[in-house]
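Peer 1:
In the numbering used here, the protein residues as written are 993 to 1136.
1. State yes or no: is the C-beta of residue 1135 within less than 7 angstroms of the C-beta of residue 1014?
2. At what residue ranges does the stretch 1028 to 1085 contain a whole run of the alpha helix (DSSP H), taking only runs of 4 or more?
3. So residue 1109 is in the alpha helix (DSSP H); what residue range does that whole segment cover?
4. Can you check whether the CB of residue 1040 is closer than 7 angstroms to the CB of residue 1125?
5. For the alpha helix (DSSP H) that contains residue 998, what are its first and last residues?
6. Nearest by alpha-carbon distance to residue 1087: which of 1123, 1059, 1043 is it?
7. Got a sec, what are the start and stop residues for the alpha helix (DSSP H) residue 1135 sits in?
8. Three Cβ pairs or more, each shorter than 8 angstroms: is that satisfied between the stretch 1037 to 1056 and the stretch 1077 to 1086?
9. Among the residues of its own chain, which have a CB less than 7 angstroms from the CB of residue 1045, if the five just before and after it don't count?
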């Protein structure tokens, strides 16, 4: 069990990945706050649920809670650097769902609601998943 915990929490990354982790975490946490709490111009759970249903992700309320909860809590995990690999895995899956259920048919560019922003967040999430939290993280402090 100790070996498994060390694998999840270990990091070989430096300060650069710490910066990536922080910025990606802030963006995801803010998006989750929009979905869950209606902050930053978001629609809250009810509005997000209605949208989820409209694109075929049902049941809408469950999907809104799962998406918003993953974005918000995994984003917070990235910000503080705690359990970043499990958080990044959840955000990777979430980004793939967003790309293929919402954005892919619109092409790459954001001007057409394309997938370029989601792709950038996917890249950041995968980098954290592979490399770990970086030098300035709770994960690194735990494993030493």
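Ideal Cβ positions, reconstructed from N, Cα and C, are used throughout, including at glycine.
Peer 2: Quick look at the numbers:
1. No, they are not a contact pair.
2. 1036 to 1046, 1052 to 1061, 1067 to 1072
3. Note, residue 1109: alpha helix (DSSP H), 1108 to 1123.
4. Contact: no.
5. The continuous alpha helix (DSSP H) containing residue 998 extends over residues 994 to 1001.
6. 1059
7. 1130 to 1135
8. With the cut-off at 8 angstroms, the stretch 1037 to 1056 and the stretch 1077 to 1086 do not touch.
9. 1052
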